[in-house]
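Those protein sequence lines, which keep their order, are chains A and B.
Residues in the first sequence are numbered consecutively from 1, following the working numbering.
Residues in the second sequence are numbered consecutively from 1, following the working numbering.
In this text, a Cβ means the ideal position worked out from N, Cα and C, and glycines have one as well.
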Amino acid sequence: AQKITQTQPGMFVQEKEAVTLDCTYDTSDPSYGLFWYKQPSSGEMIFLIYQGSYDQQNATEGRYSLNFQKARKSANLVISASQLGDSAMYFCAVKAAGNKLTFGGGTRVLVKP
Amino acid sequence: KAGVTQTPRYLIKTRGQQVTLSCSPISGHRSVSWYQQTPGQGLQFLFEYFSETQRNKGNFPGRFSGRQFSNSRSEMNVSTLELGDSALYLCASSPLGAGVYNEQFFGPGTRLTVL
Numbered sequence: 001a002q003k004i005t006q007t008q009p010g011m012f013v014q015e016k017e018a019v020t021l022d023c024t025y026d027t028s029d030p031s032y033g034l035f036w037y038k039q040p041s042s043g044e045m046i047f048l049i050y051q052g053s054y055d056q057q058n059a060t061e062g063r064y065s066l067n068f069q070k071a072r073k074s075a076n077l078v079i080s081a082s083q084l085g086d087s088a089m090y091f092c093a094v095k096a097a098g099n100k101l102t103f104g105g106g107t108r109v110l111v112k113p
Numbered sequence: 001k002a003g004v005t006q007t008p009r010y011l012i013k014t015r016g017q018q019v020t021l022s023c024s025p026i027s028g029h030r031s032v033s034w035y036q037q038t039p040g041q042g043l044q045f046l047f048e049y050f051s052e053t054q055r056n057k058g059n060f061p062g063r064f065s066g067r068q069f070s071n072s073r074s075e076m077n078v079s080t081l082e083l084g085d086s087a088l089y090l091c092a093s094s095p096l097g098a099g100v101y102n103e104q105f106f107g108p109g110t111r112l113t114v115l
């Protein structure tokens with residue numbers, strides 16, 4: 001079984017600044033994928049970035065980057081140059097074999113102008 | 001390419017009734033997963049269907065069931081509704097198999113309110 005912990009229930013960030021969202025996970029599977037999703041108030045889950053457990057380099061996708069520390073079982077999301085549209089809930093999730101995502105509790109981000 | 005669609009978007013039911021939610025995956029995707037999201041329990045996996053077969057199941061009572069059709073469209077049914085079933089139900093589709101690298105694409109969700 002997998003477990004995801006997001007310790008920051010909510011945070012404020014100033015527009016144009018960077019923000020780091022914490023995520024730690026626990027899984028016994030040697031092969032797994034880590035995902036970050038954004039959920040605006042509309043409810044839809046929007047895929048942001050993916051990191052495979054065997055990937056040597058940290059994933060990057062535009063303004064999103066992942067600080068992956070496998071030994072610490074940590075996969076923090078960094079959002080650079082925050083925009084007002086980044087205000088949303090952010091979920092970290094892990095997937096081992098099978099198409100079952102296990103999600104963390106989420107972090108609510110509010111970007112201030 | 002059209003995204004994942006879910007119908008209806010909003011639903012109000014009363015206790016004891018049953019409800020059916022529908023999900024149409026992205027064209028070519030054969031896997032459909034369902035998740036329940038509530039303020040108290042967060043996002044929880046319900047089940048996954050692949051090629052019309054249930055491949056994975058979460059820890060939900062038998063009142064929750066689903067099926068998948070030959071065109072990969074999926075339906076989820078909840079019988080004898082309880083107040084605690086009020087939630088956002090999200091459907092996600094994924095291409096091909098069940099590898100860890102397969103991204104899941106989510107639909108907009110169906111918000112169910114049980115009165």
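- [ ] Look at the Cβ atom of Gln51(A), then the Cβ atom of Leu34(A), and state whether they are nearer than 9 Å.
- [x] yes
Task: Neighbourhood of Leu43(B) by C-beta, 7 Å cutoff - its chain only, sequence neighbours within 5 removed - done: Tyr35 and Gln37
Task: Residues that DSSP places opposite Lys116(A) in a beta bridge - done: Residue numbering for chain A in the displayed model covers 1 to 113; residue 116(A) lies beyond these limits and cannot be assessed.
Open item on the list: Under 9 Å, Cβ to Cβ, is there at least one residue of chain B near Leu101(A)?
Closed with: yes
TODO: Output the distance between the C-alpha atoms of Leu101(A) and Phe45(B), rounded to the nearest integer angstrom.
DONE: Approximately 7 Å between the Cα atoms of the pair.
TODO: Taking a Cβ distance cut-off of 9 Å, strictly less, list which residues of the segment 28-48 of chain A are near chain B, in chain order.
DONE: Asp29, Ser31, Tyr32, Gly33, Phe35, Tyr37, Gln39, Ser42, Gly43, Glu44, Met45, Ile46 and Phe47
Task: Same chain, Cβ closer than 7 Å to Ser51(B), five either side skipped, listed in chain order - done: Arg30
- [ ] Determine which residues share a DSSP beta bridge with Gln37(B) and list them.
- [x] Leu43(B) and Leu88(B)
TODO: For Asn99(A), count neighbouring Cβ atoms within 10 angstroms of its own Cβ and tell me buried if that reaches 16, exposed if not.
DONE: buried
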